[in-house]
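Colleague: In this text, residue positions in the sequence shown follow the numbering used here: the first is 517, and each later residue adds one.
Provided herewith is a single structure, encoded as structure tokens, for subsequent inquiry.
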Amino acid sequence: MSRGTISNNPKAAVAGDASGGPGRLGTDSVRIRILNRPVNVLSMDQAVAAVRRAWEAEEACQVVTANAEMLYASLQDRELARILEDAELVTADGAGVLLAARMCGFSLPERVAGFDLMLACLQEAAREGVPVFFLGSSPEVLQQALLRMHECCPGLNIAGSHHGYFNDVEGEAIVAQIRARRPRLLFVALGAPRQEKWIYRHKDKLPPCVAIGVGGSLDVLAGKVRRAPRWMQRAGLEWFYRLLREPSRLHRMSAIPLFLLKVAGRRLFKNKE
Ligand code: UDP
517 MSRGTISNNP KAAVAGDASG GPGRLGTDSV RIRILNRPVN VLSMDQAVAA
567 VRRAWEAEEA CQVVTANAEM LYASLQDREL ARILEDAELV TADGAGVLLA
617 ARMCGFSLPE RVAGFDLMLA CLQEAAREGV PVFFLGSSPE VLQQALLRMH
667 ECCPGLNIAG SHHGYFNDVE GEAIVAQIRA RRPRLLFVAL GAPRQEKWIY
717 RHKDKLPPCV AIGVGGSLDV LAGKVRRAPR WMQRAGLEWF YRLLREPSRL
767 HRMSAIPLFL LKVAGRRLFK NKE
């Protein structure tokens, strides 16, 4: 998979908490850095437009929808840090990232959450007949999600799909299957950061496509998991809703306040310098 540039060249981004240069594919997106991790400044419409331009150009791109948990984990996980650095697009998936950006003096236009980005890209892909491949979730969830996709995106060209419970040997066969189907859009729903690592480790063997990690989005589409009501999403409380429904996520979610504390601490330290 040759490298493409959905947005700005990460190397063009200024180090530290500063913004980078304009996107090579014409997005106005710049990259800010939060705890020295990159995040693109762009709206949902701009993200979809960037993805569309990449598939039109048959570019190979990795899109990461990053939340506070992922950015915090990347402080301890070198591979994840490298993936964020190398990704063509890193969107602000959660309210925690928006808040952290604000604490650093930046303003991100809005959340670009994995589920919303997936739906918007699917609708665009359906209009243009662009082939799409889905990898991840349980076989039952995947089947149900594919049915729902035909309802919400009539005419969608589903080039193929595979559930997400496979071993390394089966994984190689899945890569071969994806190559044979030649999708332009690949949604990987294995949960973060496994999906990001899977895309990154296989990118040289994948066909030129835009690969996006979408976590539990197929569970939501299949109706197995409910998203927070709109007002909670708008109020930045989706994480709270998720915690109420899945208390077992408490340990994972403890990364959100830790991440924000770290950002606040770094800002305080900088201001004192
Ligand atoms: N999953 C998978 N293979 C695995 C483990 C998980 O396909 O080996 C799927 C799981 O079925 C679910 C998704 O990955 O559909 C993870 O969803 P979760 O909400 O935990 O992801 P997050 O958005 O929190 O990263």
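Here a beta-carbon is modelled for each residue, glycine too, at the ideal position from N, C-alpha and C.
Residues in the same chain with beta-carbon distance under 7 angstroms from Val-741, minus the five sequence neighbours each way, listed in chain order, please.
Modeller: Counted from its first residue, the sequence shown places residue 741 at position 225. Cβ within range, chain order: Gly-732, Asp-735.
Colleague: Report the three-state DSSP secondary structure of Asn-787 (helix, strand or coil).
Modeller: To locate residue 787, count along the sequence shown from 1; it is residue 271. Helix, per DSSP.
Colleague: Please work out which residues of its chain come closer than 7 angstroms, Cβ to Cβ, to Met-718, disregarding the five sequence neighbours upstream and downstream, and give them in chain order.
Modeller: For this step, residue 718 is matched to residue 202 along the sequence shown. For the record, residue 718 in the displayed sequence is His; it is not Met. Val-691.
Colleague: Compute the distance between the beta-carbons of Asn-556 and Val-606, then report whether it is under 7 angstroms.
Modeller: Taking the sequence shown and counting its residues from 1, the one referred to as residue 556 is at position 40. Taking the sequence shown and counting its residues from 1, the one referred to as residue 606 is at position 90. Yes, they are a contact pair.
Colleague: For my contact list, Arg-782 and Leu-551 are in at a C-beta cut-off of 8 angstroms; report their separation, rounded to the angstrom.
Modeller: Working through the sequence shown from its first residue, we reach residue 782 at position 266. Working through the sequence shown from its first residue, we reach residue 551 at position 35. Indeed they touch by this definition, with Cβ atoms about 6 angstroms apart.
Colleague: For the putative contact between Arg-746 and Val-726, defined by C-beta atoms under 8 angstroms, what is the C-beta separation to the nearest angstrom?
Modeller: Here residue 746 refers to the residue found at position 230 of the sequence shown. Here residue 726 refers to the residue found at position 210 of the sequence shown. Not really, about 27 angstroms apart at Cβ, beyond 8 angstroms.
Colleague: Among Ala-570, Met-586, Val-546, Glu-574, which has the Cα closest to the Cα of Gly-707?
Modeller: Position 191 of the sequence shown, counted from the start, is the residue given in the question as residue 707. It is Met-586.
Colleague: Could you give the residue range of the beta strand (DSSP E) that holds Gly-676?
Modeller: Counting from 1 along the sequence shown, the entry for residue 676 is found at position 160. First-last of the beta strand (DSSP E) with Gly-676: 674-678.
Colleague: Confirm, please, whether the CB-CB distance from Pro-625 to Ser-559 is below 7 angstroms.
Modeller: Against the sequence shown, residue 559 aligns to sequence position 43. Against the sequence shown, residue 625 aligns to sequence position 109. Yes, the pair counts as a contact, with Cβ atoms nearer than the cut-off.
Colleague: Let's test the definition: count the other Cβ atoms within 10 Å of the Cβ of Leu-541 and tell me whether it reaches 16, buried, or not, exposed.
Modeller: As a working note, residue 541 is residue 25 in the sequence shown. Because Leu-541 sits at a pLDDT of 41, beneath the cut-off of 50, its placement in the model cannot be relied upon, and the following sentence gives the value as read from the coordinates. Label assigned to Leu-541: buried.
Colleague: For Arg-758, is the classification buried or exposed, using 16 other Cβ atoms within 10 angstroms of its Cβ as the cut-off for buried?
Modeller: Position 242 of the sequence shown, counted from the first residue, corresponds to residue 758. Classification for Arg-758: buried.
Colleague: Where are the beta strand (DSSP E) runs, 3 residues long or more, that stay fully inside the stretch 618-656, in chain order?
Modeller: Entirely contained in the stretch 618-656, the beta strand (DSSP E) runs reaching 3 residues are, in chain order, 648-652.
Colleague: Which residue marks the beginning of the beta strand (DSSP E) containing Val-790, and which one marks its end?
Modeller: Past the boundaries of the shown model lies residue 790; the chain is included only from 517 to 789, so the question cannot be answered.
Colleague: Gly-652: beta carbon under 6 angstroms from a heavy atom of the ligand UDP?
Modeller: Position 136 of the sequence shown, counted from the first residue, corresponds to residue 652. Checking the Cβ of Gly-652 against the ligand UDP gives yes.
Colleague: Residues in its own chain within less than 6 angstroms of Leu-784 by CB, not counting five upstream and five downstream?
Modeller: Position 268 of the sequence shown, counted from the start, is the residue given in the question as residue 784. Correct list: empty, nothing qualifies.
Colleague: In three-state terms, what does DSSP make of Ala-597?
Modeller: What you label residue 597 is simply residue 81 of the sequence shown in a count that begins at 1. Helix at Ala-597.
Colleague: Tell me the rounded alpha-carbon separation between Trp-714 and Arg-765.
Modeller: Counting from 1 along the sequence shown, the entry for residue 714 is found at position 198. Counting from 1 along the sequence shown, the entry for residue 765 is found at position 249. Distance between the alpha carbons of Trp-714 and Arg-765 is about 22 angstroms.
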